[in-house]
Every structure is written in structure tokens, then in C-alpha cells.
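A.B. asks:
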């Protein structure tokens, strides 16, 4: 083969090899690490898988936060005003976690229908509503649930 | 009165930008020098008017002019004066104005420092930068006017700057990051100009190299500052979350790193031209993509301000237009390639090609992980998130592979490297690296394959870099003479590579040997973290200028001796009643000790986070090394010597260019 062509071929082969390794790794890793989001209505309806890492989110129900005084364990209800799911979590909650705030939790649903969270996210801004939560609330209100108290996206101060 | 002047200045700068994007380009295509001569004055005028607008906005912040909506939303009369300055870029409109100020600043810098470039080239480069400016100026004027007034209902006081942003990190992080993002616009403009006039040659690569390197250096610092800020200000001690907003800045950095290396090959050896041009386009497109992701509200994070679909659409159109127009131009102009130089399968060219393959793969990977959930959501196919494990699993092997290849590549030669010679050359450095990294691992205690690979890569890069420096600096006139003889761009490379090694070492050690404990503590309790004991002394109250805080006191003991006294806080800001965790950190070159106060559990019990973070400072120290390397490299004499040589060589014979090229390499 002509030396230049041979060299080009080598380069192309290198590129292809690199790319296919990257694609293979990516698809493999993606399959392992995609976390689906479920809202409380879906979870109570049994649509969410048990013992698989998922994300769940909604508003923290007023008056539902129970704190163990001897450890870092916290329990609370997450609601979309249509259905509520009990969540338990051991650890430090983010600064903006509060009753009536929108949150997203990562974790697994156990067989008793309780969501065991290993991570709770409430984002950085007091006016912020996680988009999944805003979406879930909107869906729940459309589905004929109770009328939503207030706005899904609180007005800016 | 002043805000209206600011608005007027912005509109005038838009007009100048329109002129800049048309007149010099038309002049360069028709060969009319008098039109080309407009390029530099227009660039200067544009900068002056944007600077004026920026000064007006700053004035509005400093004088608490809450009739300006943007000031009212992002400031407060109680805000300390230095945060009033940084609040100028604390929100969407102002940060966009900063973006434009930097863009016009870069444009002016190109106009000033490229006096030796052929007039046609510089006219086209400045015109392209003018076009980019037009896009962003339209964006700010149409969708995000920072000078909008709240009349006649002027609020008595402002809504305050988000407490998270009331921090030194915010003062410096965005300007550095934007310098990087926007700097890649210059590399892009050079690439487009080269495509327009069909001059894809070594001279073009040489011109755009220093600009690319500077932009990359700023971006490195910007990203490191962001990571550092997240570490101490978001309160919980993480330094990289693979958050889409972080990824948005990493994408142009990765492809920019690839671009820097492929520009080196194009300059030195005249190959990979089309690839380099493509990379320059892609890197700038990724900078725009980053701006779109962060500013459009498709992502939610501390960076995403009030989301407004109109803004997102505008940016997306701008991005699409840039990408499509450049790729069409590329498709028509790029394929004119003649490869004159030859290089073997084992050569520096090939190692740099592999570097590019790895970096581009990493770029693609991060892009997939970042964009896939967005695309699915957009198509209404469900809401998913891709977590840290995905990125850790896929990014780490690429980082390790890059590190290993870098070491080998350091010893390789241009054109052709003898395999046997290379193998003999690698033997000793390899042995040294295995020994050192094993010793380091033993020191930290605990062997895991990933930790070993990470540490080994870092040690391997370091050994190879110093070994090569030792080889190159051997001289009959003595070591000092040999070290002095090396060029600044070589030392720039040395610093850059050492920086990468330092960052890799930091990332590996802190992820594998860091300890994090969340505990419930009452005053008087002692908790153990590794070899350290944390004594919770007490917690009281403290007043700041615009907040009150729960103020904790901790003693940190090591071997029975008190080594630090830490005071983490839980702050409650007066305006907006928002709560902020302020961690306290005993920082050190080899380890950080970290305490943060969580929520109150009962009357006197608190949730406390305690952390031991070995080598975490190295993450950011490495980035500083990389940036320093970049700045050192562009101060190299040869960029100036060669620029002087370019004009006469325009019409000279190829042989002369050849000798100049050689002279450049030697100097």
C-alpha cells in the first residue's frame, strides 16, 4: 500500500477504535446509571419499581417532618397534593429543606412503600422549584386532585 | 438619567458591531484598503461604548439606584460595598453584559496585538468577532436589558444578592470563566478567517496559538475557582458534582485542550489542518452551548436565574446559526488539504493525535451525559437524571489513559521515533514511577486498583516530564546553561503537564482516602475522623453586617494536641430570611480539616459534618500550574520574532519560509 494511504488508514483505525471504545463504555455506563423520576401519584399507584435507585420528588407536607432526637434520622411525607409518600433519610438535610418546600430525593422504594433516600436535594434558591416537582404538581392538579395551594412557581420576591 | 445613557451606549456599540462585521470583511474581499482600515477603530469604539454601559451599571449598584429593576433584584442597601461591585454580574443581565465587555475587550486586544498580521487576515478576524458581538448585543438589548426601570414604583430597598453569591469566589469566578469562554471566540474567528481566505497554514496556526492558550489558561482558573467555591460555599465539601452547569464549562475546556495540542502539530509540522479548524469551531460552539445551558433556564442550579423561554430560544438560534454557518463554510473550504510532511506510526504526531482522540472522546462523553436527559425531556420521553457514577466510571479511564500516554509522548520525537530506543528510554522512568506510586499508596494505607492507576498516572507524568527536562538540559557548558537554553514555551509545557499531574493526584487521593462523617453532637461531645478528634466546645450567636449566625466552636486534636480551632456557622440573612451554611476549614497543603453545622436536632443537639480531605488543595493548585504554564508559553520570544518575519515572507519563496521555520524551532 502507498505509505500515505497506509498512514491515513492507521489514523482512521485509531480514531474508530477510540470512538467505539468510548461508545461502548458510554452505553454500558448509561444503562447502569440512569435514574428515572417518579412523582408521589405514580409511586402510590405502584408504577415505580421496588428496590431500584430512582428519584422521587414533590412538596414536603406541612407538619409531616419527624426527627429522631438521638440520631440523624428524619422522616417526612412528600406530596403532589394528590398522593403522598413517606420518605426516610439518615443524614444532614440541605439548608433550604423545609415544610412546604419542593425537594427531590434519590433512593430506593422498599416493599412497604416507604422511600428510603440516600440523598435529598433542595436547590440553592428560596424561589426555586425543581422542574420535576413543578411538573408533577401541575399534572396532579390537572388530574383532578385537590386544588393546589399557591402557585407552583412562587413569584420572585 | 444615567441608566438611559447606559442603554444608549449599548445601542451605539451594537451599531459599531454591525459596521465592524460588514465593512472590514467587504474591504478584505474586494481588496480595498480604506475599508479594511476601519477594523481597528471600530473595534476600539465598540469596547469604549460597552465599557461605558458597564460603568453605568456599576454606578447604579454602588449608588443603590433601585429604580433600575436589575439592581433592585440583585442588591440591597445593606450589602457590603465590595459585593455591590460583584453583584453587577450576580444576575443574568449583568453577567451577560460582562460577557460582552470581555468579548469586546478580546476584540480590542486582537486589534492591538496583531499589528504584524496581514491586513486582510486581521480585517476578517475582527469582522468575525464583530458578528459574534452583534449576536450577543442583540440578545442583551432585546431579551435581557439590564437598564430596565421600575418606574414609577421604585422599591424602597433591593431584594438582595443571593447569599450564596456573597462571597469572594463570586467576585473572581465569573470573570475568569468568561475570559476563557469568550477567548475561544478569538480562536474561532481566526479559524473562520482562515477558511474564508483559504489560508490554512502554519502561519495561521502560529497566530491563533497564543490566543487559544490564553483563553484556555483563563478557563482553567475559572473552572478551578468554581470548584473551590462549591467546596467551601455550598457548604458540604464536595468539589465536583458532575452537575450540568459544571459540565458546561468542562466541555469547552476539554476540546480547548485538544485544540491547543493540535494547533501545536499544525504549527510545527503543518499537518492536521482541517482537524484543527474543526476543533476551533467546535470549541467555540461548546462555549456557546455552555452559555445556552446555563443561561436559558433549561437547567436549574445556582447559575440559572429567572428562566425565560424567549432567552433560551434566542440563544439556541444564535448557537444553531453559528454552528451551521461555520460548518457550511468548513464543508466548502476545508477539504483543500495537501499533506506534505510525513510522519511514522510511532511519532510525536501520532501521540498528539491520540491525545486528541482521548480528549474528544471525553468531550463527547460529558456531552452525552449532560445533554441526553435534556433531549429526552424535550421530546417528552420521560425525566431521567444521569448521576455521578456514570461520569466517574467513564471519565476516569480516559483520564488515566491520557496520563499514561502523556508520559510516553513526552519522550517521542517528531516524524519518527525508534521503538527500541523509546522502550529503553521508558524503562527507568517507569521503574521509578512504580516504586514512588507504591510508596505513596502505602503511605495512605489501602490499595484499590483505581487509586493506584490515578496515583501512578500522576507520578508517571511527573517523572517523565522531569526526565525529559534533564535530558534536554544536558549541555557541555553545564546544567545551568542547558536549563537556560530551553525556551519559555517548553517550560510552559512542563508547568502545564505538572499541573495536570498535581490535579490528578489531588483528585485521586481525596476521592479514595478522604473521610466524611455526619454525626449528632451535643456540646462536649468528641468525634473521631481518621487520626483526628473533633471536640464540640459550644455553639452561640453572632451578628454580621446583614445576617445573624449560630456560631459553633470546635477543637481539632491530633495525638492529644490541639491543632486547630474551627468556627462553622449557620447564617440567617435578614433580607429574604434565607439560611446559609458556612463551613470552617483548616486548610493545608497536604490535608484540609472541615467542619459544617447542619440542622438543630433537639434543644442542644446538632447534626454535624466532619471531614478529612487529603490533598484537596492540589486539585486547584494543579489548575494554577496549568494556567501559569499557558501564560509562560505565550511569553515565548518566538511568537514575536516570527510575527516580524511574516510580512516579508508573504511574497518570498518557499525555501525562505522553510529556513525561518527552522530558525523558529531552534530559538
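Chains as they are written, first to last, in our numbering: chain V, 206 to 362; chain C, 880 to 1546.
For glycine and all other residues, C-beta sits at the position ideal for the given N, C-alpha and C.
Note that the coordinates shown come from a computational prediction; the quantities given were computed from them, not determined experimentally.
1) Take residue 1436 of chain C and list the residues in its own chain whose beta-carbon comes closer than 6 Å to its own, dropping the five residues that flank it on each side.
2) Given 7 Å as the limit, tell me if residue 1341 of chain C has its C-beta closer than that to any heavy atom belonging to the ligand SAM.
3) Rounded to whole angstroms, how far is the Cβ of residue 1338 of chain C from the Cβ of residue 1315 of chain C, which I believe are closer than 8 Å?
4) Scan the stretch 240-260 of chain V for residues whose Cβ lies nearer than 7 Å to a Cβ of chain C and list them as they occur along the chain.
5) To the nearest angstrom, report how far apart residue 1420 of chain C and residue 1430 of chain C are at their CA atoms.
6) With DSSP run on the structure shown, which of helix, strand or coil describes residue 1090 of chain C?
7) Excluding the 5 residues flanking residue 1522 of chain C on each side, which residues of the same chain have their C-beta closer than 7 Å to its C-beta?
8) Rounding to the nearest angstrom, what Cα-Cα distance links residue 269 of chain V and residue 285 of chain V in this structure?
9) Starting from the beta carbon of residue 1269 of chain C, find every residue of chain V whose beta carbon is closer than 9 Å, and list them in chain order.
10) Just to confirm my understanding: we take residue 1506 of chain C, look at its own chain, exclude 5 residues before and 5 after, and list those with CB closer than 6 Å. What are they?
11) Whose CA, out of C/1415, C/1037, C/1070, lies closest to the CA of residue 1441 of chain C?
12) What residues are listed by DSSP as bridge partners for residue 1445 of chain C?
13) Are three or more beta carbon pairs between the stretch 919-931 of chain C and the stretch 882-893 of chain C nearer than 8 Å?
14) Figure out for me which residue from C/1471, C/1238, C/1190 has the closest Cα to the Cα of residue 220 of chain V.
15) What residues of chain V sit near residue 1233 of chain C, judged by a beta carbon separation below 9 Å?
16) With DSSP run on the structure shown, which of helix, strand or coil describes residue 833 of chain C?
17) Over the uninterrupted alpha helix (DSSP H) stretch that includes residue 829 of chain C, give me the two end residues.
18) So, using beta-carbon positions, are residue 1361 of chain C and residue 1353 of chain C closer together than 8 Å?
19) Look up residue 1293 of chain C in the DSSP assignment and say whether it is helix, strand or coil.
20) List the endpoints of the continuous alpha helix (DSSP H) containing residue 990 of chain C.
21) To which residues of the same chain is residue 1046 of chain C closer than 6 Å at the C-beta, ignoring the five residues directly before and after it?
22) May I ask which residues mark the beginning and end of the alpha helix (DSSP H) holding residue 1460 of chain C?
23) As an exercise, report each continuous beta strand (DSSP E) stretch of at least 3 residues that is fully enclosed by the stretch 1384-1441 of chain C, in chain order.
24) May I ask which residues mark the beginning and end of the alpha helix (DSSP H) holding residue 867 of chain C?
25) Please check if any C-beta of chain V sits within less than 8 Å of the C-beta of residue 911 of chain C.
26) Measuring CB to CB, does residue 969 of chain C end up less than 8 Å from residue 953 of chain C?
27) What separation, rounded to the nearest whole angstrom, lies between the Cα atoms of residue 960 of chain C and residue 937 of chain C?
28) Would you decide whether residue 211 of chain V is buried or exposed? Buried here means 16 or more other CB atoms lie within 10 Å of its CB.
29) Rounded C-beta distance between residue 1134 of chain C and residue 1162 of chain C? I'm assuming under 8 Å.
30) In the DSSP assignment, find the alpha helix (DSSP H) that holds residue 213 of chain V and state where it starts and stops.
31) Buried or exposed for residue 913 of chain C, going by 16 or more other Cβ atoms inside 10 Å?
32) Among the candidates C/1293, C/1090, C/1018, C/1423, whose CA atom is the shortest distance from the CA of residue 1144 of chain C?
33) Chain C beta carbons: is any one of them nearer than 8 Å to that of residue 284 of chain V?
34) From residue 979 of chain C to residue 940 of chain C, what does the alpha carbon distance come to, in whole angstroms?
35) Out of V/231, V/312, V/255, which has the shortest C-alpha to C-alpha gap to residue 326 of chain V?
36) Count the CB pairs spanning the stretch 1066-1083 of chain C and the stretch 999-1006 of chain C that are closer than 8 Å, and state whether there are at least three.
C.D. replies: Reading it off the structure:
1) Around residue 1436 of chain C: 1412.
2) By its list of ligands, the structure shown contains no ligand whatsoever, and the ligand SAM lies outside what it can speak to.
3) Indeed they touch by this definition, with Cβ atoms about 5 Å apart.
4) 240, 241, 242, 260
5) 5 Å
6) helix
7) Because residue 1522 of chain C carries a pLDDT of 47, less than 50, the predicted location of this residue cannot be relied on, and the following value inherits that uncertainty. These residues qualify, in order along the chain: 995.
8) Roughly 14 Å separates the two Cα atoms.
9) Going along chain V in sequence order, the residues near residue 1269 of chain C (Cβ under 9 Å) are 231, 234, 235, 237, 238, 239.
10) Excluding sequence neighbours, residue 1506 of chain C sits near 1096, 1099, 1100.
11) C/1415
12) C/1433
13) yes
14) C/1238
15) 219, 223
16) The structure shown has nothing for residue 833 of chain C, since chain C only spans 880 to 1546.
17) The structure shown does not extend to residue 829 of chain C, since chain C is modelled only from 880 through 1546, so no value can be given for it.
18) yes
19) coil
20) 971-992
21) So the qualifying residues of the chain are 1112.
22) Not the alpha helix (DSSP H): residue 1460 of chain C falls in the beta strand (DSSP E), residues 1458-1461.
23) 1394-1400, 1405-1408, 1411-1422, 1426-1437
24) An answer regarding residue 867 of chain C cannot be provided, because it is not within the stretch 880 to 1546 covered by chain C.
25) no
26) Yes, they are a contact pair.
27) Residue 937 of chain C has its alpha-carbon roughly 11 Å from the corresponding atom of residue 960 of chain C.
28) exposed
29) 4 Å
30) 208-238
31) exposed
32) C/1293
33) Taking Cβ atoms only, chain C never reaches closer than 8 Å to residue 284 of chain V, which makes this a no.
34) Those two C-alpha atoms are separated by around 19 Å.
35) V/312
36) A contact exists between the stretch 1066-1083 of chain C and the stretch 999-1006 of chain C.
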